[in-house]
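Below is one structure; the comments refer to it alone.
There are 2 protein chains.
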Amino acid sequence: MPVKLVAPQAASLLPVSGVKLGYAEAHMRKAQRKDVLVMTLAEGSAVSGVFTQNQFCAAPVLLCKSHLAQSAQAKQGIRALLVNTGCANAGTGEQGMQAAQQTCVALADLLGLDAQQVLPFSTGVILEPLPVDKVLQGLPTAIANLSEDNWLNAAEAIMTTDIVAKASSRRLLLDGKPITITGMSKGSGMIHPNMATMLGYIATDAVVSQAALDAIIHYAVNKSFNCITVDGDTSTNDSLILMASQQAGNVEITENSPHFSVLRDALTEVAVELAQAIVRDGEGATKFMTVQVEGGQDAVECRKVAYAIAHSPLIKTAFFASDPNLGRILAAIGYAGVDQLDVSKLKLYLGDVLVAENGGRASAYREEQGAAVMQEAEILVRVDLARGAASCTVWTCDFSYDYVRINADYRS
Amino acid sequence: MPVKLVAPQAASLLPVSGVKLGYAEAHMRKAQRKDVLVMTLAEGSAVSGVFTQNQFCAAPVLLCKSHLAQSAQAKQGIRALLVNTGCANAGTGEQGMQAAQQTCVALADLLGLDAQQVLPFSTGVILEPLPVDKVLQGLPTAIANLSEDNWLNAAEAIMTTDIVAKASSRRLLLDGKPITITGMSKGSGMIHPNMATMLGYIATDAVVSQAALDAIIHYAVNKSFNCITVDGDTSTNDSLILMASQQAGNVEITENSPHFSVLRDALTEVAVELAQAIVRDGEGATKFMTVQVEGGQDAVECRKVAYAIAHSPLIKTAFFASDPNLGRILAAIGYAGVDQLDVSKLKLYLGDVLVAENGGRASAYREEQGAAVMQEAEILVRVDLARGAASCTVWTCDFSYDYVRINADYRS
């Protein structure tokens with residue numbers, strides 16, 4: 001069961017002016033589920049994206065990058081997004097590229113756009129051909145129900161092994177103008193930074209320059225989706241898209257605007273919530289763990305330690321068992337690959353409890369204290385490397401029987 | 413259940429002249445199990461060791477290194493080894509060092525040796541103090557039953573979560589003289605190269621120089637224990653010890669001897685068998701997987717790809733389910749971090765079946781073929797990167813419900 005995560009109320013998801021969403025049940029893999037999503041953007045919208053670094057990246061990812069580059073050059077903006085679940089269209093070679101292109105052409109024709117104004121996204125099983133016909137059959141229905149009010153339906157339409165739909169809204173004032181931000185994400189397994197197996201879409205009606213939007217997406221992804229891991233597997237299809245429909249009537253936000261950081265931080269807050277939601281809904285998750293590493297010489301070594309802890313199946317199964325078998329955390333710190341680490345200096349905390357110092361168990365530590373923290377559904381693991389001022393935070397979940405069940409059964 | 417691995421017959425384990433083994437039930441953690449082992453070596457024996465690279469390495473590992481260095485300098489050879497299970501004496505700080513030292517002093521006193529002639533080893537739970545009294549109480553019994561015929565009992569005495577005792581013998585001729593090699597290992601979880609959570613002891617009666625023995629251990633470990641992974645966790649206590657009792661009457665083997673490679677290869681063969689046995693008995697293992705990567709530019713990139721595959725929980729759970737969900741393997745190759753990998757050139761084979769080429773599924777591939785291979789207990793995954801002549805092989809096992817059960821319950 002997801003850890004402290006419930007599906008949002010439809011009414012809590014605020015429409016973003018200029019951004020419409022429509023869905024269909026196209027029987028991509030299973031009957032009676034929304035599995036095709038169309039989003040349309042008002043003319044003049046700015047769109048920015050970051051994508052998986054997996055070299056076996058999927059055909060739609062390659063096409064997204066190409067369409068974003070083409071539309072920037074042709075000054076002919078992105079106007080629609082097309083998402084399907086059930087098939088990742090990854091590991092599909094040249095045929096997969098043609099399939100993704102076909103779906104863009106079809107949607108563009110129906111909407112009166114050029115194909116390069118459409119961004120395609122797929123998520124699901126790898127190494128199987130995209131059933132193009134099913135996607136195309138779903139398009140008329142999806143277009144027919146396009147609406148600014150469809151965020152919850154849209155969040156449901158992009159789910160795969162997710163148990164709970166993930167979406168969130170914020171409202172803020174810029175220059176006295178109300179600005180809306182609404183985003184959604186999906187992802188549950190094959191979750192790792194750079195990035196998770198995830199799709200994320202965040203829209204705002206703010207007036208914001210392309211350069212500022214590009215800066216914001218990189219800032220936000222590094223604080224959010226690049227800080228989560230479920231199983232250490234970086235997927236072929238990860239994509240995060242930030243859209244600004246330019247409808248809110250505020251003075252344009254550029255990178256030098258006094259309000260730049262306000263918008264950036266609000267968008268980042270939504271990104272963090274959506275990223276954490278993926279971990280809370282991690283396959284089989286029963287615990288949500290925040291791994292905070294501080295006192296490092298640089299961020300790189302902090303991340304090495306944080307991910308050594310967050311990836312260790314031994315640690316993740318101990319958390320599942322609520323067993324404060326904390327020596328496993330010391331072992332992970334020890335093999336994280338930090339040069340010349342002085343293990344006698346570092347400190348390990350579980351929640352507020354000092355567990356280890358001077359190279360061993362803290363003298364005041366009692367196992368009951370660790371056991372009490374382990375009972376919680378949200379647990380903080382804090383490591384002070386005591387050799388510098390850098391820090392980082394990573395979110396992950398535990399490793400349960402259900403992780404194995406879900407992944408052993410996923411295709412059946 | 414271990415994959416194609418049964419406990420050796422006592423009679424199949426050949427005594428090594430000059431090497432005696434004795435055990436005791438010292439109630440280290442559980443009643444009625446052998447948990448303390450003493451080995452003694454004839455005067456003049458050569459001993460070589462390689463140890464974990466974990467920076468949080470255990471007190472006995474630090475002491476082993478120190479004693480090996482001291483005994484080399486004092487030309488006063490290692491004459492005894494002391495192993496306990498139940499407690500790793502790791503993450504125990506200065507107190508842990510004193511505890512390990514105490515056990516060496518006690519055994520040395522009983523055997524009429526100096527403490528630095530004893531190598532200590534511990535395996536078990538991390539972050540708990542070593543119950544020194546229990547170890548000491550076990551020593552007289554262990555010494556009383558010292559015998560060259562005790563290899564199976566010894567292999568049982570070093571087991572922790574192992575289901576099956578791991579030991580093997582070889583006999584060969586050098587200069588017409590019969591040479592015996594017998595070794596044993598333990599390890600089941602927290603298994604990763606550099607090295608596995610493992611203890612390994614291999615003894616031979618061959619006459620061999622210290623330098624040659626040192627060369628052989630590094631060669632052997634790189635072909636064996638450094639090629640296995642169960643869960644990617646490098647332990648605090650890993651140790652492999654190679655001992656040569658110099659009793660066989662052959663002409664001394666040096667690095668330049670014509671027979672050097674014969675002895676090296678025979679010892680390596682035993683090391684490979686013992687290393688593979690650890691994977692076959694991997695916690696919860698139901699499948700034994702050989703991951704072979706070839707056509708790489710260098711060994712480093714081959715290992716990156718092999719370990720990306722061997723560590724992926726998604727791949728390991730798919731193998732557990734006998735589900736040829738092979739896109740997950742392509743995804744792992746894609747995120748392994750190989751620079752400028754051309755995914756359209758590489759080939760992926762499952763057993764003898766070509767699964768992927770040209771960036772996608774091989775046209776002749778049928779899922780039934782993959783499903784048939786997946787039914788086997790031993791499975792070969794072969795990747796041809798098609799960009800060079802380097803290769804590597806890694807052994808691992810699948811990821812089952814039982815892995816979670818064992819590690820969620822280990823301390824209880």
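Those protein sequence lines, which keep their order, are chains A and B.
For the first sequence, this note's numbering begins at 1 and goes up steadily by one.
For the second sequence, this note's numbering begins at 413 and goes up steadily by one.
We put the beta carbon where it would ideally sit given N, CA and C, even for glycine.
Since the model is a prediction, treat every value here as computed from it, not as a measurement.
Could you check which residue in the options has the C-alpha nearest to that of residue i?
i, options, result
"A277(A)", "D162(A), V207(A), C87(A)", "D162(A)"
"E706(B)", "S581(B), V717(B), V765(B)", "V717(B)"
"E368(A)", "G360(A), L354(A), A377(A), N358(A)", "L354(A)"
"S245(A)", "Q9(A), M198(A), K20(A), V135(A)", "K20(A)"
"G661(B)", "A618(B), L762(B), A784(B)", "A618(B)"
"D352(A)", "V373(A), G334(A), Q340(A)", "V373(A)"
"G739(B)", "L762(B), L753(B), P420(B)", "L762(B)"
"G434(B)", "M571(B), L654(B), V448(B), V633(B)", "V448(B)"
"H67(A)", "N54(A), V105(A), Q55(A)", "V105(A)"
"A612(B)", "F468(B), A566(B), D796(B), I653(B)", "Sequence check: residue 612(B) is Gly here, not Ala. It is I653(B) whose Cα lies nearest to the Cα of G612(B)."
"I538(B)", "L519(B), Q510(B), C499(B), D521(B)", "C499(B)"
"M243(A)", "V47(A), G18(A), V394(A)", "V47(A)"
"L110(A)", "H27(A), C57(A), L139(A)", "L139(A)"
"I640(B)", "T729(B), A820(B), N649(B), V691(B)", "V691(B)"
"M39(A)", "P131(A), L107(A), K316(A)", "L107(A)"
If you follow the beta strand (DSSP E) that residue i is part of, which residue opens it and which one closes it?
i, result
"L348(A)", "347-350"
"E294(A)", "288-296"
"G595(B)", "589-598"
"R794(B)", "790-796"
"A356(A)", "353-357"
"I202(A)", "199-204"
"L493(B)", "492-496"
"A774(B)", "No beta strand (DSSP E) holds A774(B); DSSP gives it neither H nor E."
"K20(A)", "19-24"
"S209(A)", "No beta strand (DSSP E) holds S209(A); DSSP gives it neither H nor E."
"A458(B)", "458-463"
Find the residues of chain B that neighbour residue i, judging by a C-beta separation of less than 8 Å, and give them in chain order.
i, result
"C57(A)", "G746"
"G360(A)", "G503, T504, G505, E506, Q507, G508, L539"
"A99(A)", "Chain B residues near A99(A): none, gap ~11 Å exceeds 8 Å."
"A364(A)", "In chain order: nothing, as chain B lies at least about 14 Å away."
Apart from the five residues on each side of it in sequence, which residues of its chain come closer than 7 Å, Cβ to Cβ, to residue i?
i, result
"C392(A)", "V293, A299, C302, R303, A306"
"Q297(A)", "R387, G388, A390"
Check for me: the alpha helix (DSSP H) holding residue i runs from which residue to which?
i, result
"G746(B)", "739-747"
"S580(B)", "No alpha helix (DSSP H) holds S580(B); the beta strand (DSSP E) holding it covers 578-586."
"M39(A)", "Segment 36-41 is the beta strand (DSSP E) holding M39(A); no alpha helix (DSSP H) there."
"F319(A)", "313-320"
"C804(B)", "Counting along the chain, C804(B) falls outside any alpha helix (DSSP H), though it belongs to the beta strand (DSSP E) covering 802-809."
"A443(B)", "From DSSP, A443(B) is part of no alpha helix (DSSP H); its letter is neither H nor E."
"Q9(A)", "Here Q9(A) belongs to no alpha helix (DSSP H), and DSSP marks it neither H nor E."
Along chain A, which residues have their Cβ under 8 Å away from the Cβ of residue i?
i, result
"V755(B)", "Q55, F56"
"A768(B)", "G91, L127"
"A422(B)", "The contacting residues do not exist; A422(B) stays about 33 Å from chain A at best."
"D677(B)", "Near D677(B) there are no residues of chain A at all, since even the closest Cβ is about 30 Å away, more than 8 Å."
Can you list the residues of chain A that residue i reaches, using a CB-CB cut of under 7 Å?
i, result
"P543(B)", "Going along chain A, no residue has its Cβ under 7 Å from P543(B), so there is no contact; the nearest lies around 14 Å."
"R740(B)", "I126"
"D796(B)", "By Cβ distance, chain A contributes nothing, its closest Cβ being about 15 Å from D796(B), past 7 Å."
What does residue i reach in chain B if we use C-beta pairs closer than 7 Å?
i, result
"S400(A)", "V816"
Ignore the nearest five residues each way along the sequence and tell me which others in residue i's own chain have a CB closer than 6 Å to its CB.
i, result
"R773(B)", "none"
"R170(A)", "I181, A266, V270"
"A386(A)", "G295, K345, L346"
"D814(B)", "G696"
"V703(B)", "A718, I721, A722, V793, V806"
"L475(B)", "A512, P532"
Listing by chain order, which chain B residues have their CB less than 9 Å from the CB of residue i?
i, result
"T236(A)", "G739, L742, A743, G746, Y747"
"D298(A)", "Per Cβ cutoff of 9 Å: no residues; D298(A) is ~17 Å from chain B at best."
"A310(A)", "By Cβ distance, chain B contributes nothing, its closest Cβ being about 12 Å from A310(A), past 9 Å."
With a CB to CB cut of under 8 Å and the five nearest residues on each side skipped, what residues in its chain are close to residue i?
i, result
"Y335(A)", "A308"
"G370(A)", "P324, L326, L350, V353, V355"
"I665(B)", "L586, A618, V619, V620, S621, A624, H671, F672, L675"
Taking 7 Å as the line, does the beta carbon of residue i fall inside it for any heavy atom of the ligand GDP?
i, result
"R171(A)", "Judged by which ligands are present, the structure shown has none, so any question about the ligand GDP falls away."
Q: Return the chain-ordered ranges of every beta strand (DSSP E) run that is complete within the segment 506-570 of chain B and spans a minimum of 3 residues.
A: Fully enclosed beta strand (DSSP E) runs of 3 or longer: 530-534.
Q | Sequence ranges, beta strand (DSSP E) only - wholly within the segment 644-693 of chain B, length at least 3 | A | For the segment 644-693 of chain B, the full-length beta strand (DSSP E) segments reaching 3 residues or more read 651-656 along the chain.
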